[in-house]
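Colleague: Sharing a structure below in structure tokens format, with a few things to ask.
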Amino acid sequence: AQTVTQSQPEMSVQEAETVTLSCTYDTSESDYYLFWYKQPPSRQMILVIRQEAYKQQNATENRFSVNFQKAAKSFSLKISDSQLGDAAMYFCAYRPPGGYNKLIFGAGTRLAVHP
Amino acid sequence: DTAVSQTPKYLVTQMGNDKSIKCEQNLGHDTMYWYKQDSKKFLKIMFSYNNKELIINETVPNRFSPKSPDKAHLNLHINSLELGDSAVYFCASRTSGGTDTQYFGPGTRLTVL
């Protein structure tokens, strides 16, 4: 079964510092997509970043970047220069090939940002 | 302009009642989804429709019935509500091909008393 594991239920970071959120997944597929979604207290699910498994280059979106290790099935999110607005739940998600693209989510990591 | 909208945002009801949640997307997407987020924040797929056809049904009790009148709308009707149905329900949509990104609605918090 395809599963996504986020081993850090909670993390905290000081404003302007860097934090890394971990995610591992289990799959026998070679072509798939990975995502990080952010859920602030407003509960809106906001896409942070996506990664195609066939791409070796790690995705980057402004202060957000990923470390994608395909062989290790690891997909961590690095947030640089953390801001108070980054405080939220962060969900890692795996999208298998075909299968009408359902997302399989991890349990989430709650990130607190301290001034 | 709202991309994916849901109504209502909050729904409080008694056990045994029947209720509906509506979802609309103006992105021109042809695939729509319902996800359930439980009290521990765990998100799980429930249903998916592609061009008004049901394509994913993830062992959800048959008290839950999705309906897609057109590809811009996906509604969720729940019969005989139970306490365990209390959750946040998210609608999402995606276009076939392209970026494979799902865009989520704001969620509907359902509370069953």
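Protein sequences appear in the order of chains A and B. Each residue of the first sequence is one higher than the last, beginning at 1 in my numbering. Each residue of the second sequence is one higher than the last, beginning at 116 in my numbering. Positions of the beta carbon are idealized from the N, C-alpha and C atoms, including for glycine. These numbers come from a predicted model, not from an experiment.
Between which residues of its own chain and A:D31 is the CB-CB distance below 7 Å, once the five residues before and five after are set aside?
Modeller: A53, Y54 and P97
Colleague: Counting only Cβ-Cβ distances shorter than 9 Å, please list the residues of the region 150–163 of chain B near chain A, keeping chain order.
Modeller: Y150, Q152, K155, K156, F157, L158, K159, I160 and S163
Colleague: Nearest to B:Q140 by alpha carbon, out of B:P184, B:V127 and B:N172?
Modeller: B:P184
Colleague: Going along the chain, which residues of the region 40–68 of chain A sit with their C-beta nearer than 7 Å to a C-beta in chain B?
Modeller: R43, Q44, M45, L47 and R50
Colleague: How is the beta strand (DSSP E) around A:V48 delimited, first residue to last?
Modeller: First-last of the beta strand (DSSP E) with A:V48: I46 to E52.
Colleague: So what does DSSP say about A:D86, is it helix, strand or coil?
Modeller: helix
Colleague: Taking CB distances under 7 Å as the criterion, tell me whether B:I171 reaches chain A.
Modeller: At least one chain A Cβ lies under 7 Å of B:I171.
Colleague: For a contact meaning CB atoms closer than 8 Å, what does B:P229 contact in chain A?
Modeller: Only positions 116 to 228 of chain B appear in this structure, which leaves residue 229 of chain B out of reach.
Colleague: For B:S180, tell me which candidate among B:K186, B:E168, B:I171 and B:I193 has the shortest Cα-Cα distance.
Modeller: B:I193
Colleague: Is it buried or exposed for B:L142, if we count other Cβ within 10 angstroms and need 16 for buried?
Modeller: Answer is exposed; the Cβ neighbour count stays below 16.
Colleague: Roughly how many angstroms lie between the CA atoms of A:V113 and B:S154, to the nearest whole one?
Modeller: If you take the alpha carbons of A:V113 and B:S154, they lie about 23 Å apart.
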